[in-house]
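All remarks here apply to the structure that follows.
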Amino acid sequence: MKVRDTIDVSLINAVVEKLEQHHDVLRSRFLKKKGQWRQVCSAETSTGVFQQVELTEQTDDEYRQAIEMAATQWQQSLHLEKGPLWRVVWLDPGRDRPCYLLIVIHHLVVDGVSWRILLEDLQTCYQQALDKQSFDLPPKSTAFQYWAKSLSDDVAGGMLDDQIDYWRYQINEPVALLPVDKPAGTNTEALAGRVTEKLSRNQTDMLLRETNSAYHTQINDLLLSALLQVLCDWSQSDSVRINLEGHGRESALLHPDIDLSRTVGWFTSSFPTVLILPNPATPGDIIKSVKEQLRAIPDKGLGYGLLRYSGKIEPIEQIATCSPP
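Counting from 1 along the sequence shown, just add 59 to a position and that's the residue number in this note's numbering.
So, in structure tokens, the structure goes:
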């Protein structure tokens, strides 16, 4: 973040310590034993989370590259087992050039909602320190550890067993594979390509504001309807299986007493879904069908990961497939 105003850097370290004390997941460590990873939360705050880097010797051209190199260095300094899993770095280029506050956090302990919480708390604590006040943050919502244990207890107690047949259908229903040039070829991120298209401002406004009113849909209903048409046409089939991801904070569906509005952590729900093309496949019929299929997903997909990693359903890697015609 480019810092526009003068910052008292001497206060930042205490602010960082307060944030780590307040949000327990920032003290996480990931330990691997007997081939299994386990997340634990240390009672002690990490040392050396806050760092200062001076770039005063670099020219205007050099310091921009130096900032990128510093960012890479501190990204690589995160350590799953030893910690810390986050860094706050003050980058001072000197010469009346703008300073930067770099915050790097491992994705295993932070998501988009968490970033908003942390940035708000960072500003709140800094202002309190500047005003020589005691740190006073809003109360945490449900602790990350309590949330995890609650979901684990749900699975162990059979609370989600009535979803097993639903998810087994989603992972075992045969669907056509997408046509590829080299079926036995290597499939790695390094070989991925990207095609980018942009909607105009008017098209975007219509998509987000006007189109949804016709069938009382959400934006994902429309996007998935378009994707379903393309993939079915490409594979010459009437169904596809895709992997959907939710924000993972749907725990209130299972526990109304759980509040994750101010809980920092990586919450996500990833689950397979078979979407079927209706007949007739008019745009309106497709949109209504996809909307209904998505609304039928239990607990917005939260249960799949819980059942999958508890061993109650087989992994998605073992799904049945069939060749396209």
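By construction, the Cβ of each residue, glycine as well, lies at the ideal position given by its N, Cα and C atoms. On a predicted model such as this, the values are computed, not experimentally measured, just so you know.
For residue i, the first and last residue of its enclosing beta strand (DSSP E)
i      : result
LEU334 : 328-335
ILE301 : 298-305
Nonlocal neighbours in the same chain, by C-beta distance under 7 Å from residue i, ignoring five residues either side
i      : result
ARG154 : THR115
PRO374 : ARG367
LEU219 : ASP213, GLY362, LEU365 and LEU366
ILE356 : THR332
LYS347 : TYR274
GLU76  : THR104
Host alpha helix (DSSP H) of residue i (start-end)
i      : result
VAL108 : That residue, VAL108, is in no alpha helix (DSSP H); it is neither H nor E in DSSP.
ASP120 : 119-135
VAL74  : 71-81
ASP318 : Taken as a continuous stretch (DSSP letters only), ASP318 belongs to no alpha helix (DSSP H), as it is neither H nor E.
GLY216 : Premise fails: GLY216 is in no alpha helix (DSSP H) and is neither H nor E.
ASN338 : Unbroken run through ASN338: none, as it is neither H nor E.
SER310 : SER310 -> no alpha helix (DSSP H), and no H or E assigned at all.
Exposed unless 16 or more other CB atoms sit within 10 angstroms - verdict on residue i
i      : result
VAL99  : exposed
ILE10  : Shown here, the chain extends from 60 to 384; a query on residue 10 therefore has no answer.
GLU79  : buried
ILE71  : buried
ILE345 : buried
ILE230 : buried
ARG253 : exposed
ARG268 : exposed
SER105 : buried
PRO143 : buried
GLY360 : buried
ASP280 : buried
SER23  : Nothing about residue 23 can be read from this structure; the chain reaches only from 60 to 384.
THR65  : exposed
Cβ-based neighbour list, residue i, same chain, cut-off 6 Å, excluding 5 preceding and 5 following
i      : result
TRP133 : ARG146, VAL148 and VAL163
PHE89  : TRP96, GLN98 and LEU139
PRO152 : LEU114 and TYR122
PRO157 : LYS61
ARG300 : VAL234, PRO331 and VAL333
Chain-order list of residues whose beta-carbon lies under 8 Å from that of residue i (same chain, five-residue window excluded)
i      : result
VAL323 : HIS82, VAL84, LEU85, VAL168, VAL169, SER173, ILE176, LEU177 and PHE203
ALA102 : ARG86
Residues bridged to residue i [DSSP beta-bridge criterion]
i      : result
VAL147 : PHE109 and ILE162
GLN95  : LYS92
CYS100 : SER87
VAL168 : Paired residues: none, contrary to the question.
LYS61  : TYR159
Requested in this report: Tell me the start and end of each unbroken beta strand (DSSP E) in the region 184-208 that is at least 3 residues and wholly inside, in chain order.
Outcome: Listed in chain order, nothing qualifies, since the region 184-208 has no complete beta strand (DSSP E) run of 3 or more residues.
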